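A short worksheet on the structure shown next.
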Amino acid sequence: MPEPPFPFRQFIVKVHGRCNLACTYCYLYEGPDHTWRTRPAAASAEVLDRTATRIAEHARAHGLSALSLVLHGGEPLLAGAAALGAFADLVRERVPAGCTVRATVQTNATLLTEDRLATLARHDVSVGISLDGGTPAGNARRVDHAGRPSWPAAARGARLTAERFPDSYAGVLTVVDPEQDPVETYDSLLALGSPALDLLLPHGNWSNPPPHWDPTGTVYGQWLCDVFDRWWEAGRRATRVRLFEECIALLAGLPAATESLGLAPFDAVVVETDGSIEQADSLKSAYEGAAATGLDVFRHTFDEALGHPGVIARQTAVKALSGQCGVCPLLTVCGGGQYAHRYRADSGFENPSVYCADLQRFIRHVAARIAGQAAAAAPAPGERSTP
């Protein structure tokens, strides 16, 4: 396997740094990092212009044939759909010929309208939607700044995307909530017509554990197992579930790329509204300034960011893991879990994930289901398989 540094292939650009919602659990605005308060609400034309140049420079230097451009926030649609489309066009114009730019906006769906979706589609920007399930109850904590529920507008936006712009629908991102019934949550999301689901564990760590977490239990792992069984036993795949598909691939020894599982090198970088180059937002759930690099797109290249100690640590895979993880038989599948979830105030990130027991339960359950299906499909002793 080649040695790090590995080039960035996912560029997360904060086109707008504020949100029209005030979700009660938001790690970005309610967590320990408050750097967003000192940054401009929206990225300026100069920041976006320089970012596009830096992305193209990185793509050219590393001969990238494809890259992912994620238009993020806050709520990125506060910047306007036309501005998002124009920026995606700018990046595509500047990258080398033969480099494909896959652009996606990650939105809470409340501002989606037919006109905005049509604008995004014209600029080939797909739409990822963040929801806590497909019901009002599941989204009760997603409220606006006046405390009003966001669900009516979010549901309208999600259904409009599914019905009128299905080719633009990238999928739904949902944070696991063990207080919500797992199967009902999954089924409610299917009803929104999403072609893919991302199930994410809420950000937490050993010093600030996730809600409802019990060091002796596996409530999150069991939640994932229950949804996996519903998905696995359906007879047909009604939607893609990235976590499940990549767990299966890793168990089969195939390469898979996800921040939550596996040992694939970390390849994402963030540009904030002021042009600062940062590591993944998830680190902001650990402590103030955890994602900072001290670099910006005006004075530094993305290659310089590859040399930051935090990025190096995330790209050295096994070398950055705790001794406990290094000898675990599930290492190649688990990969130590998400980096931010390993944090402990007295020892940094060289710890197992706070979700270690949950991940073990989930991975072993998936492995058992796969093994059970393989055994059921195998011919009985003395029986010949059909050629």
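My numbering applies: residue 16 is where the sequence shown begins, and numbers increase by one.
Using N, Cα and C, we set each Cβ at its ideal position, and we do this for glycine too.
Please read these numbers as outputs of a predicted model, since none were measured by experiment.
DSSP on Phe364, reduced to helix/strand/coil?
Three-state result, Phe364: coil.
Please return the same chain residues whose Cβ sits closer than 7 angstroms to the Cβ of Tyr42, not counting the five positions on each side in sequence.
His218, Lys299 and Ser300.
Touch check for the region 352-367 and the region 285-299: three-plus C-beta pairs under 8 angstroms?
Contact between the region 352-367 and the region 285-299 is established, with three or more Cβ pairs separated by less than 8 angstroms.
Rank Arg357, Glu365 and Ala386 by C-alpha distance to the C-alpha of Leu374 and give the top, closest one.
Out of Arg357, Glu365 and Ala386, Arg357 has the C-alpha closest to the C-alpha of Leu374.
Under the three-state DSSP convention, the category His380 falls into:
Of the three classes helix, strand and coil, the one that applies to His380 here is helix, per DSSP.
How far does the alpha helix (DSSP H) with Gly352 in it reach, from first residue to last?
For Gly352, there is no enclosing alpha helix (DSSP H), as DSSP marks it with neither H nor E.
What are the uninterrupted segments assigned as beta strand (DSSP E) that are 3 or more residues long and contained completely in the region 198-241, given in chain order?
Fully enclosed beta strand (DSSP E) runs of 3 or longer: 211-215.
Given Ala81, which residues of its chain have a CB within under 6 angstroms of its CB, disregarding the five upstream and five downstream residues?
Thr115, listed in sequence order.
Going along the chain, which unbroken runs of the alpha helix (DSSP H) with 4 or more residues stay wholly within the region 249-280?
Every alpha helix (DSSP H) of 4 residues or more that sits fully in the region 249-280 is shown, in chain order, as 257-266.
Buried or exposed: which applies to Thr119, given that a residue is buried once 16 or more other Cβ atoms fall within 10 Å of its Cβ?
Under this definition Thr119 is a buried residue.
For Thr176, three-class secondary structure by DSSP:
DSSP places Thr176 in the helix class (H, G or I) of the three-state scheme.
Comparing C-alpha positions only, which one of Phe102, Leu266 and Leu92 sits nearest to Asp130?
Residue Leu92 is the option with its Cα nearest to Asp130.
Which parts of the region 284-349 are runs of the beta strand (DSSP E), unbroken and 3 residues or longer, counting only runs that do not cross its ends?
Runs found: 291-293 and 307-311.
Can you tell me whether Ser183 is helix, strand or coil according to DSSP?
Residue state, collapsed to three classes: helix.
Could you give the distance in angstroms between the alpha-carbon of His160 and the alpha-carbon of Ala56?
Spanning the alpha carbons of His160 and Ala56 requires a straight line of approximately 16 angstroms.
Do Glu303 and Arg54 have their C-beta atoms closer together than 8 angstroms?
Between Glu303 and Arg54, the C-beta gap is not smaller than 8 angstroms, which leaves the two residues out of contact.
Can you check which of these residues, Arg69, Val142 and His323, is closest to His87 by C-alpha distance?
Answer by Cα proximity: Val142.
In the DSSP assignment, the beta strand (DSSP E) including Leu82 goes from what residue to what residue?
Residues Ala81 to His87.
Can Leu214 and Val256 be called in contact, C-beta distance under 8 angstroms?
If you check the CB distance, Leu214 and Val256 come in under 8 angstroms.
Is it true that the region 222-235 meets the region 192-200, where meeting means three or more beta-carbon pairs spaced less than 8 angstroms apart?
Cβ pair count under 8 angstroms is three or more, so yes.
Where Val106 falls: helix, strand or coil (DSSP):
In the structure shown, Val106 falls within a helical segment according to DSSP collapsed to helix, strand and coil.
Any contact of the region 314-322 with the region 334-341, i.e. 3+ C-beta pairs under 8 angstroms?
The region 314-322 vs the region 334-341: no contact.
Could you give the distance in angstroms between the alpha-carbon of Met16 and the alpha-carbon of Gly363?
Residue placement at Met16 cannot be trusted, given a pLDDT of 48 that sits under 50; what the coordinates show is reported in the next sentence. Looking at the two C-alpha atoms, the distance is approximately 27 angstroms.
Return yes when the Cβ of His77 is within less than 8 angstroms of the Cβ of Pro22, no when it is not.
Yes, these two residues count as a Cβ contact at 8 angstroms.
Give the list of continuous beta strand (DSSP E) stretches no shorter than 3 residues that lie fully inside the region 87-156.
The qualifying runs are 115-122 and 140-145.
contact_flag[the region 144-151, the region 91-108] where n(CB pairs < 8 angstroms) is 3 or more:
The region 144-151 makes no contact with the region 91-108, as fewer than three CB pairs between them are under 8 angstroms.
Quick one: is Thr231 buried, meaning 16 or more other Cβ sit within 10 Å of its Cβ, or exposed?
By the neighbour-count criterion, in which 16 or more other beta carbons inside 10 Å mark a residue as buried, Thr231 falls on the exposed side.
For the region 173-190 against the region 200-210, do three or more pairs of beta-carbon atoms, one drawn from each stretch, fall closer than 8 angstroms, so that the two count as touching?
With contact defined as three or more Cβ pairs closer than 8 angstroms, the region 173-190 and the region 200-210 are in contact.
Count the other CB atoms, across all protein chains shown, that sit within 10 Å of the CB of Arg252; report buried if there are 16 or more and exposed otherwise.
Exposed.
In the DSSP assignment, find the beta strand (DSSP E) that holds Val30 and state where it starts and stops.
Here Val30 belongs to no beta strand (DSSP E), and DSSP marks it neither H nor E.
Spatial neighbours of His138 within its chain, please: C-beta separation below 7 angstroms, excluding the five flanking residues on both sides.
Closer than 7 angstroms at Cβ, skipping near neighbours: Gly100, Ala103 and Asp104.
Thinking C-alpha only, which one of Leu278, Cys38, Ala97 and Ala60 is nearest Gly89?
For Gly89, the closest of Leu278, Cys38, Ala97 and Ala60 by C-alpha to C-alpha distance is Cys38.
Contact between the region 379-387 and the region 319-329: three or more CB pairs below 8 angstroms?
With the rule of 3 Cβ pairs closer than 8 angstroms, the region 379-387 does not count as touching the region 319-329.
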